[in-house]
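Chemist:
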Amino acid sequence: MTWPDARTYCQTYHTDLASCLNSADNDLLVAIKVVQGDSWIGLHRDMDMWKWSDGTYAPNIPWFPGQPDNYFGSEDCAVVYSGHFYDEQCTNLHYIFCDTISPMRSQILRLQVKSNETGFDPAVQSSILEQMKQKLKEKGMLNYTTVTWKVQPDGNIFHKKINDD
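When we follow UniProt numbering, the leftmost residue of the sequence shown carries the number 1, and every step to the right adds one.
(1) Can you list, in chain order, the residues of its chain with a C-beta nearer than 7 Å to that of N70? Leave out the 5 residues immediately preceding and following it.
(2) Looking at P153 and the ligand GDP, is the gap between the Cβ and the nearest heavy atom below 7 Å?
(3) Given this structure, state the Cα-to-Cα distance separating D54 from A18, to the nearest angstrom.
(4) Please state the DSSP three-state secondary structure of A78.
(5) Compare the C-alpha of N116 against each of V147, D46, F158, C98 and name the closest.
(6) Go ahead and pull the three-state DSSP assignment for F85.
(7) Please tell me whether T100 has its Cβ less than 8 Å away from any Cβ of chain B.
(8) I96 bridges to which residues according to DSSP?
(9) Whole angstroms are fine: how far does the CA of W149 sit from the CA of C20?
(10) Can the beta-carbon of F85 be found less than 8 Å from the beta-carbon of L43?
(11) Between the C-alpha atoms of Y9 and T56, what's the straight-line distance to the nearest angstrom?
(12) Just grab the DSSP bridge partners of R45 for me.
(13) Have a look at A58, C77, T100, P65 and flag the residue whose alpha-carbon is nearest the alpha-carbon of G83.
(14) Considering just the uninterrupted stretch of the alpha helix (DSSP H) at W3, what are its terminal residues?
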């Protein structure tokens with residue numbers, strides 16, 4: 001598929017051609033490439049500047065040494081192959097990588113903390129939150145996840161439980 005056709009397909013059935021915004025994204029493209037082969041991504045040249053298909057400027061591109069070289073002229077689109085990027089003519093045929101953004105999902109967890117009055121100290125609350133984030137990270141669950149406290153209308157995070165004894 002050509003780059004323009006790939007972009008149209010990805011925008012119709014997914015979100016857009018894949019963008020490689022960080023090293024984790026690049027690692028994913030490398031892993032998938034082993035199965036798929038060289039593939040179009042959302043990187044293209046626009047007025048001598050390389051940009052992602054959403055229009056953002058693309059610094060720190062992991063080009064293969066000597067790339068981009070515009071060897072055949074009009075090499076204004078990029079493919080990923082073995083973890084490196086190459087400039088190519090947009091009319092060449094390649095596999096494609098589409099990006100799909102999943103809708104955001106919220107999940108609220110209720111915690112019951114046994115504590116003296118220190119549980120209301122912002123430093124203690126911050127420490128508890130960091131410990132939860134660390135546990136999620138150790139389990140590989142922190143990527144693409146935001147963990148925050150829900151602040152109540154009265155400005156507190158925790159409320160003292162009144163015993164019904």
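Cβ atoms here follow ideal geometry from the backbone N, Cα and C, with glycine treated the same way. Just so we're clear, the structure is a prediction, and the values are computed from it rather than from any experiment.
Modeler: On the basis of the supplied data:
(1) Here the question's residue 70 lines up with position 70 in the sequence shown. D87.
(2) Among the components modelled here there is no ligand, and therefore nothing to report on the ligand GDP.
(3) Sequence index remark: in the sequence shown, residue 54 carries index 54 (1-based). Sequence index remark: in the sequence shown, residue 18 carries index 18 (1-based). If you take the alpha carbons of D54 and A18, they lie about 10 Å apart.
(4) Along the sequence shown, read from residue 1 onward, the residue named residue 78 stands at position 78. Strand, per DSSP.
(5) As a position in the sequence shown, residue 116 is number 116, starting the count at 1. Taking only the C-alpha atoms, the option nearest N116 is F158.
(6) Here the question's residue 85 lines up with position 85 in the sequence shown. It is a strand residue.
(7) Although the question refers to chain B, the structure presented lacks it and comprises just one protein chain.
(8) Reading the sequence shown from its first residue, position 96 is the one you call residue 96. In the DSSP output, where bridge partners are listed per residue, I96 has W40.
(9) Counted from its first residue, the sequence shown places residue 20 at position 20. Counted from its first residue, the sequence shown places residue 149 at position 149. Taking the straight line from one Cα to the other gives about 30 Å.
(10) Within the sequence shown, residue 85 is the residue found at index 85, counting from 1. Within the sequence shown, residue 43 is the residue found at index 43, counting from 1. Yes, the Cβ-Cβ distance between F85 and L43 is below 8 Å.
(11) The residue labelled residue 9 in the question sits at position 9 within the sequence shown. The residue labelled residue 56 in the question sits at position 56 within the sequence shown. Each residue's Cα considered, the two are about 20 Å apart.
(12) In the sequence shown, the residue the question calls residue 45 occupies position 45. Answer is W50, bridged to R45.
(13) Walking along the sequence shown from the start, residue 83 turns up at place 83. Answer by Cα proximity: P65.
(14) Reading the sequence shown from its first residue, position 3 is the one you call residue 3. Start and end: 3 to 13.
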